[in-house]
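Quick note: the sequence shown, position 48, residue 52 per this note's numbering, numbers continuous.
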Amino acid sequence: MIPIQSSEIGARDPLSDMLALLDVRSFLSRRIEASGSWALRFPAYRHMKFGGVIEGKRWLWMEGGAEILELEAGDFYLLTNGGPYCFASDRDAVPMDGLGVMDKHLQADGVVRFGSGEPRSVGVGGRFVLDDETSSLLLSKLPPIIHIRGSQPQAGALQAALALITFETEKERMGTAAIGGGLCAIILVNILRIYLTSGERPSGWLGALADRHVGAAIQAMHLEVARRWRVADLAAAVGMSRTAFADRFKRLVGLAPLEYLIHWRMTVAREALKRDRAPLGEIAEAIGYESETAFGLAFKRKFGESPGRYRSRLHQAVSSQIG
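Written out as structure tokens, the structure reads:
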């Protein structure tokens, strides 16, 4: 079997598998301590951003959107559509350039401070950059804003992470960049966990994970990606009739069960081609294909080029960047 970073894929749960293949890179941003009446506008961004309120209150809205959220201390939000957004102590204030304000008011201790008087608001945020080729599976069905209240019973882990972020961002400390990345990952997973157990379950792949039957079937396919699954086998494994299972899976995921299996196999294979130099035959065997030829045909149908060509193109691109 190949050492697909891969060797761990399937040993975890589907959400962990997906986040691993998305190659999520996390960045903790500056702490902002703001007073008085203010509003900040931030430009479009790639993939996802999050924020947490340490002290006070603030308003949050997407530019052009109708919804305005009131955030309180302990609350978190996740932004998922890449559009410009604003947050403010006063939603009637004229938004200032957020990046410019942060640059201008960055203090020697690494904290951004501006304004005077009341109210006072303290917050921190970060962003997640994902692999562009795979990100649509996770992002396509998420709402533009996910709001997690600190008062929610399931938010205990987020409150613990917020306490650590509060400590790490109150001044510059050695190792904060390394710790911050781990804290961001904790925040992302817990926001998605809470969202999946809320009444706002999304359609598509992420929402299907929260379904008792379909989620179990997805996990089974991830655990044994090389197995010759039949729809009847999957249905039996989750305690449903073949027809009812196939209909439910297609409705929730948007793909038939075996279509999803092929999609996941190709996603794992593509990641292996990026990261490993294992022979194509080993990759084929690891994801359930009897021959390199069968694997090559399936890969080309999915991505429009052969596995060898895909790997060669990526390596040439990396070499040209290094050169």
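The C-beta atom is built at its ideal place from N, Cα and C for all residues, glycine as well.
Return the CA-CA distance between residue i and residue j, expressed in angstroms with no decimal places.
i: L23; j: E294; result: 28 angstroms
i: A17; j: W63; result: The question names Ala, but residue 17 is Asp in the sequence shown. One C-alpha to the other measures close to 35 angstroms.
i: V98; j: L168; result: 33 angstroms
i: A288; j: T84; result: 34 angstroms
i: M100; j: P47; result: 11 angstroms
i: I6; j: I291; result: In this prediction, I6 scores a pLDDT of 35, lower than 50, which makes its location untrustworthy; the coordinate-derived value is nonetheless stated afterwards. Straight-line Cα distance between these residues: approximately 10 angstroms.
i: R45; j: Y89; result: 6 angstroms
i: L238; j: L265; result: 11 angstroms
i: E309; j: L134; result: 23 angstroms
i: G33; j: T180; result: In the sequence as displayed, the identity of residue 33 is Ser instead of Gly. Each residue's Cα considered, the two are about 11 angstroms apart.
i: A164; j: G102; result: 27 angstroms
i: E275; j: A260; result: 23 angstroms
i: L301; j: L19; result: 28 angstroms
i: L270; j: T297; result: What sits at residue 270 in the sequence shown is Met, not Leu. Approximately 14 angstroms between the Cα atoms of the pair.
i: F299; j: R216; result: 31 angstroms
i: A214; j: E122; result: 43 angstroms
i: G60; j: G87; result: 25 angstroms
i: F307; j: R313; result: 11 angstroms
i: D21; j: F303; result: 20 angstroms
i: G130; j: M178; result: 18 angstroms
i: R246; j: R317; result: 41 angstroms
i: T170; j: L277; result: 40 angstroms
i: F91; j: V28; result: 25 angstroms
i: A248; j: A43; result: 51 angstroms
i: Y49; j: L196; result: 20 angstroms
Taking Cβ positions only, does residue i come closer than 8 angstroms to chain C?
i: A224; result: Chain labels in this structure do not include chain C; a single protein chain is all it has.
Can you check which of these residues, the options, is closest to residue i by C-alpha distance?
i: R315; options: A298, K306, L44 and L284; result: L284
i: K145; options: G258, I266 and V28; result: G258
i: R305; options: R29, E263 and M52; result: E263
i: Q158; options: F171, N194 and L166; result: N194
i: H319; options: R279, S310, E296 and T297; result: R279
i: A333; options: V28, I191, A43 and E286; result: There is no way to answer for residue 333, as the model of the chain reaches only from 5 to 327.
i: W268; options: F91, L166, L227 and A214; result: L227
i: L166; options: E76, Y199, V272 and A282; result: E76
i: E286; options: R317, Y49, A230 and T170; result: A230
For residue i versus residue j, is the C-beta spacing smaller than 8 angstroms?
i: D107; j: E176; result: no
i: R35; j: T201; result: no
i: G154; j: G68; result: no
i: M225; j: W233; result: yes
i: G127; j: S30; result: no
i: C188; j: F118; result: no
i: E74; j: W65; result: no
i: P311; j: A282; result: no
i: I198; j: Q156; result: yes
Less than 8 angstroms between the CB atoms is what I'm expecting for residue i and residue j, so what's the real figure, rounded?
i: A221; j: A241; result: 7 angstroms
i: R95; j: S39; result: Incorrect: roughly 16 angstroms between the Cβ atoms, too far for contact.
i: E37; j: V115; result: 6 angstroms
i: L26; j: L110; result: Incorrect: roughly 31 angstroms between the Cβ atoms, too far for contact.
i: S93; j: S41; result: 6 angstroms
i: H51; j: S140; result: With a Cβ gap of about 11 angstroms, H51 and S140 do not count as contacting.
- Query: So, do the stretch 50-59 and the stretch 204-223 have three or more beta carbon pairs nearer to each other than 8 angstroms?
  - Reply: no
- Query: Any contact of the stretch 214-230 with the stretch 242-256, i.e. 3+ C-beta pairs under 8 angstroms?
  - Reply: Here the stretch 214-230 lies against the stretch 242-256, with 3 or more beta-carbon pairs under 8 angstroms apart.
- Are three or more beta carbon pairs between the stretch 143-157 and the stretch 71-88 nearer than 8 angstroms? yes
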